[in-house]
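Chains as they are written, first to last, in this note's numbering: chain B, 687 to 981; chain U, 451 to 879; chain X, 161 to 452.
Note that CB positions come from ideal geometry on N, CA and C, so glycine has one too.
This report refers to the structure that appears directly beneath it.
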Amino acid sequence: MSSARRSPDGRWPWLFVLPTFFGVLVFYFWPLLKTVYDSFTDTGPFGGSTWVGAANYSELIADTEVYRAIVNTVVYTAIVLLGIPLAVLFASLLNRPGLRFAMVYRTLFFLPYVAMPTAISLVWRIIYNGEYGILNQSLGVLGIDGPRWISTEWFALVAVALLGLWMSIGFNMIVLSAGLKGIPGELYEAASLDGAGRAQQFRSITVPLLTPSIFFLSVITTIAGFQLFDQLFALLGPENPVMSKTQSLVFLFYSAAFDTNERGYAAAVAVLILAVVGLLTLFQFRLQRRWVTYD
Amino acid sequence: MRIPSAVNAVVVAALVLTAATLTACGGNSDTAGDAKVPDDPAQVTGDITYAIWDVNQQPAMQEIIKAFNQQYPNVKVSISLAVFDQYFTKLKTQGSSDNLPDVFWMNGPNFQLFAANKQLAGLDGLQLDFANYPKALNALYTLDGKQYGVPKDFDTIALWYNKKLFADAKVAEPTADWTWDDYKTAAGKLKAALSPKGIYASSDELGNQGNYYPAILSNGGSILKDGKSGYADPKTAEALQFWSDMVKEGYTPSGAQGAEIRGRDRFFSGKAAMMWNGNWLVSAALKSPVKNDLAILPLPKAPSGERKTVIHGIGNVMSAKTKNPEASAAFLKFLSGKEAALIQAKAGAANPAYTGTQTDFVNSAPYALKTFIDAADQYSEPYPVSKDTAVWNKLELDLLLPAFGGDKPMAEVGQEVATKMDEALGKEK
Amino acid sequence: MTETIARTTVTPAATRSARAERLGSNRLAHVVLIIGSLVMMFPFLWQLKLSISTQAEITSVPPDLVPSGLEWRNFTEVFERLPFLEQFWVSVAVTLSRTIGQLVLCSLAGYAFARMSFRFKGLMLALILSILMVPGQVYLIPQYQIVQQLGWLDSIQGIVAPGIFSAFGTFLMMQFFKTVPVELEEAARLDGCNPWQTFWKVVLPVAKPGLTSLAIITVLVSWGDLLWPLVITSSPEKMPLAVGMATLSGYQGSISPGVMMAAALMAMAPILILFVVLQRRVVEGIAFSGLK
Numbered sequence: 687m688s689s690a691r692r693s694p695d696g697r698w699p700w701l702f703v704l705p706t707f708f709g710v711l712v713f714y715f716w717p718l719l720k721t722v723y724d725s726f727t728d729t730g731p732f733g734g735s736t737w738v739g740a741a742n743y744s745e746l747i748a749d750t751e752v753y754r755a756i757v758n759t760v761v762y763t764a765i766v767l768l769g770i771p772l773a774v775l776f777a778s779l780l781n782r783p784g785l786r787f788a789m790v791y792r793t794l795f796f797l798p799y800v801a802m803p804t805a806i807s808l809v810w811r812i813i814y815n816g817e818y819g820i821l822n823q824s825l826g827v828l829g830i831d832g833p834r835w836i837s838t839e840w841f842a843l844v845a846v847a848l849l850g851l852w853m854s855i856g857f858n859m860i861v862l863s864a865g866l867k868g869i870p871g872e873l874y875e876a877a878s879l880d881g882a883g884r885a886q887q888f889r890s891i892t893v894p895l896l897t898p899s900i901f902f903l904s905v906i907t908t909i910a911g912f913q914l915f916d917q918l919f920a921l922l923g924p925e926n927p928v929m930s931k932t933q934s935l936v937f938l939f940y941s942a943a944f945d946t947n948e949r950g951y952a953a954a955v956a957v958l959i960l961a962v963v964g965l966l967t968l969f970q971f972r973l974q975r976r977w978v979t980y981d
Numbered sequence: 451m452r453i454p455s456a457v458n459a460v461v462v463a464a465l466v467l468t469a470a471t472l473t474a475c476g477g478n479s480d481t482a483g484d485a486k487v488p489d490d491p492a493q494v495t496g497d498i499t500y501a502i503w504d505v506n507q508q509p510a511m512q513e514i515i516k517a518f519n520q521q522y523p524n525v526k527v528s529i530s531l532a533v534f535d536q537y538f539t540k541l542k543t544q545g546s547s548d549n550l551p552d553v554f555w556m557n558g559p560n561f562q563l564f565a566a567n568k569q570l571a572g573l574d575g576l577q578l579d580f581a582n583y584p585k586a587l588n589a590l591y592t593l594d595g596k597q598y599g600v601p602k603d604f605d606t607i608a609l610w611y612n613k614k615l616f617a618d619a620k621v622a623e624p625t626a627d628w629t630w631d632d633y634k635t636a637a638g639k640l641k642a643a644l645s646p647k648g649i650y651a652s653s654d655e656l657g658n659q660g661n662y663y664p665a666i667l668s669n670g671g672s673i674l675k676d677g678k679s680g681y682a683d684p685k686t687a688e689a690l691q692f693w694s695d696m697v698k699e700g701y702t703p704s705g706a707q708g709a710e711i712r713g714r715d716r717f718f719s720g721k722a723a724m725m726w727n728g729n730w731l732v733s734a735a736l737k738s739p740v741k742n743d744l745a746i747l748p749l750p751k752a753p754s755g756e757r758k759t760v761i762h763g764i765g766n767v768m769s770a771k772t773k774n775p776e777a778s779a780a781f782l783k784f785l786s787g788k789e790a791a792l793i794q795a796k797a798g799a800a801n802p803a804y805t806g807t808q809t810d811f812v813n814s815a816p817y818a819l820k821t822f823i824d825a826a827d828q829y830s831e832p833y834p835v836s837k838d839t840a841v842w843n844k845l846e847l848d849l850l851l852p853a854f855g856g857d858k859p860m861a862e863v864g865q866e867v868a869t870k871m872d873e874a875l876g877k878e879k
Numbered sequence: 161m162t163e164t165i166a167r168t169t170v171t172p173a174a175t176r177s178a179r180a181e182r183l184g185s186n187r188l189a190h191v192v193l194i195i196g197s198l199v200m201m202f203p204f205l206w207q208l209k210l211s212i213s214t215q216a217e218i219t220s221v222p223p224d225l226v227p228s229g230l231e232w233r234n235f236t237e238v239f240e241r242l243p244f245l246e247q248f249w250v251s252v253a254v255t256l257s258r259t260i261g262q263l264v265l266c267s268l269a270g271y272a273f274a275r276m277s278f279r280f281k282g283l284m285l286a287l288i289l290s291i292l293m294v295p296g297q298v299y300l301i302p303q304y305q306i307v308q309q310l311g312w313l314d315s316i317q318g319i320v321a322p323g324i325f326s327a328f329g330t331f332l333m334m335q336f337f338k339t340v341p342v343e344l345e346e347a348a349r350l351d352g353c354n355p356w357q358t359f360w361k362v363v364l365p366v367a368k369p370g371l372t373s374l375a376i377i378t379v380l381v382s383w384g385d386l387l388w389p390l391v392i393t394s395s396p397e398k399m400p401l402a403v404g405m406a407t408l409s410g411y412q413g414s415i416s417p418g419v420m421m422a423a424a425l426m427a428m429a430p431i432l433i434l435f436v437v438l439q440r441r442v443v444e445g446i447a448f449s450g451l452k
């Protein structure tokens, strides 16, 4: 190779890249490879593994808990994704010209995102309490007999999802606000002159031009949704009778690895999570050509 | 041609990683070492870790360490605390890299897992006299004829009740001759009188150790017998049905309700009149607003006329791969001795296993704590465990707990548990 | 923003009435936003109320909306149960190290991937991005083994070590640097700067939004991180606040929910205050991350 073809930057790129690359390799990539390897073994809780081929995977396919965990994770993610249209609403309200206290609203909306997940989950646990929690007591005033949120099947999932939704709206709103600011005002002016009403402008200008931000949010919300663990653990608690029906995929991994000591099986679950999230992300990226407008 | 530095780096990284993995995985073929007590205390040095999970007991453990240092001044013991929910997760992570704490707490359900995987040191070299501890506990910490854990404390179950609430409801207080029928009848009367005030007749936690194991054993059923599940036994089903009926009649909260407000919290805030529970709650009882209204009696008898409780206790164990075998053995021996037991009893946080040291514990509260000791001596059976207890404990949690108070007969549920439990037991190596 | 102001002051009469109409209907917007804000704020306010209530007040039915006394005891009890101050400083140290570490390493790597060319660039990038979607719990045991080999158990380095290498951070910075005008760098090169000087003197100064974004996310994640520090640390004084709080909630004996709320409040407070004070920057940083 002639030196003319060599990188004009010389050795510099290596200097810049190697620390991160090496660190990621050692602390993340290698463990990932090891996990994939482990998924084909039967590993005891203290090491000592035997190769079992695809046995873990066939067990995975036959395990109803896995399907339930997938469903739970999907439902959770779907509910949290609802935070995006909600945030579009709030962001557009916030961006009204001449709206007073905009900064105050923005701060208040943003606080849930900044709270420590495990800490705030404890607060919500008390709020959701079936007997003395303020939620059910308020519902009682309205004549509604509230369910026992965190100890009833399906309601527990909704409870966790609402927590996730509550935490993410502020973040979504800020991203969308920035997106809104990026829309040139002239477009709106031209539309008003053409006689387009508020709603019409929203539909034909605002939303399409917001699609890049919406796309970004939906990708990261999906990835984050599939990583549900901390809030679930803190809100429900591991001894909760409906945990096995409400667990997310990551919780299933944790339970298999540390509760029932099946590290090989747990590794297979991890590979499954990776595959599902990878496919979903790929799917979203493919789909973006259809609905995302980049100017 | 020069090797590009990128490839170079990757190769080096790969070599480092391979080396790391090989050394990490290499330890499992060793046979578990045996603990041996050194001869000269002053010569023994080292920094060892002692892992525990109960923050309540930490002061007592510190005191024990102080007393230990009087004999062994050159050994430094640091306490490592992890919350019970994550204690064993952490231990298993540490065990995977041969980095278990030198000495640590163990419980029945996890014991065989660690022992069978050669993580624990044998105790022969400590020259302990195991007659000093309850037989059932020694059996709990023995695998294949060899004992690996020294009982530290023991818990049994008794009937706790609130005298004031009984008086308010004008119901006769329990006696030591009560049967399950008496319990249920009283619960009915208590419910009638107290539920308008939002108070439950009882707030049993529907836990295995506290509720259904004692019930099953009292009725002549079993949980684990000769390596097979006892849940298909009709006597077991009867005991389970007793609890299910209690929930159905509204005498005690359901499992779901218990997940939101624990039975003991209800009882200790005066919102329930009775509960079956263990002696680990004594210090909590003394801190509660109802502390002056409480009393303790032996459990009610099953229809068969018998009463039984399970006995369980934390065991102190030593890592088989400790880097400080001498210091660890010395510390473990001290933990197993009378002095350490007395310190525990005085602190009131746990009921020591060493025979004859329980007086301080019995005197630590104005309740009939001797009941727990009598239970241990007279009518307790060892807590049921197997090599991978966690797997079928999960079945109990998933299948039994939601079924209490439901319409399905507990005999059917029991059958389901038995089938799956036998499957899991069969998979154990 | 200045644009909007300029426009409204120059509005001709015809659109001035339109503007009045807009301002009037802002009332509805305010209503919606106020309701939304209340929903966002309520748990915090409730937490405040719970932290000064006794156990009896918390569990009472009907609810005790205005606490009769102020149970400051809850707060002092937190200090009795936890080495709170030590844990606070551990959290600070960990968060600071991790954030600075990521800022340095990810901006360097991100810049290289964005603007430099070198062999195996594609391969290395693909490797780094491949781990983006794997949840952290999966790495627990292997990472523990590595940290143990390094002898960094129960230490701040141990907690921080895996955290300063971030695929996400690298990706974020890479995307950002791609948006920096190439002319800047070309000018620097023409001036004779080597890549390092270009980076340091020319590109980095305009990297503020990207760095802020990364810093915010890292600070948040680091402060609340639970499972990894829990597994790595043994002594209560070496644990960060998140782990200390888990200790409280796992209390074997009874602990009043009020004490837990007090602990949670004190643990969250530093970050909440930080963000309220820096909110302008924070908002810019987050807004940026969405725009890439």
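Under the three-state reduction of DSSP, which class applies to residue i: helix, strand or coil?
i: S652(U); result: strand
i: K602(U); result: coil
i: Q577(U); result: coil
i: Q317(X); result: helix
i: K678(U); result: strand
i: E866(U); result: helix
i: L570(U); result: strand
i: D497(U); result: strand
i: P802(U); result: strand
i: I415(X); result: coil
i: M1005(B); result: Chain B is shown only over 687 to 981; residue 1005(B) falls outside these bounds and no answer can be derived.
i: K338(X); result: helix
i: L593(U); result: strand
i: W726(U); result: strand
Report yes if the CB atom of residue i is closer than 8 Å to the CB atom of residue j, and no otherwise.
i: A752(U); j: N658(U); result: no
i: D725(B); j: V963(B); result: Inspection of the sequence shows that residue 725(B) is occupied by Ser rather than by Asp. Not a contact, by the Cβ cut-off of 8 Å.
i: I640(B); j: P203(X); result: Residue 640(B) lies beyond the range of chain B shown here (687 to 981); nothing can be said about it.
i: P664(U); j: I746(U); result: no
i: G545(U); j: F969(B); result: no
i: Y714(B); j: Y299(X); result: yes
Tell me, please, which residues DSSP counts as bridged to residue i.
i: I502(U); result: L531(U)
i: M768(U); result: V553(U)
i: T629(U); result: K751(U)
i: H190(X); result: Beta-bridge pairing links H190(X) to no other residue.
So is residue i buried or exposed if we call it buried at 16+ other beta carbons inside 10 Å?
i: E181(X); result: Because the pLDDT of E181(X) is 49, which lies under 50, any placement of that residue in the model is unreliable, and the question is left without a value.
i: G883(B); result: exposed
i: M154(X); result: With chain X represented from 161 up to 452, any question about residue 154(X) goes unanswered, as that position is not in the structure.
i: L225(X); result: exposed
i: E343(X); result: exposed
i: L780(B); result: buried
i: T339(X); result: exposed
i: R187(X); result: exposed
* To do: Jot down the residue ranges of each uninterrupted alpha helix (DSSP H) in the stretch 884-919 of chain B, minimum 4 residues, whole runs only, in chain order.
  => If only uninterrupted alpha helix (DSSP H) runs of at least 4 residues are considered, those enclosed by the stretch 884-919 of chain B are 884-887, 893-911.
* Uninterrupted alpha helix (DSSP H) stretches inside the stretch 767-798 of chain B (no shorter than 4 residues) -> Counting only unbroken stretches of 4 or more residues, the alpha helix (DSSP H) elements lying wholly within the stretch 767-798 of chain B are 769-780, in sequence order.
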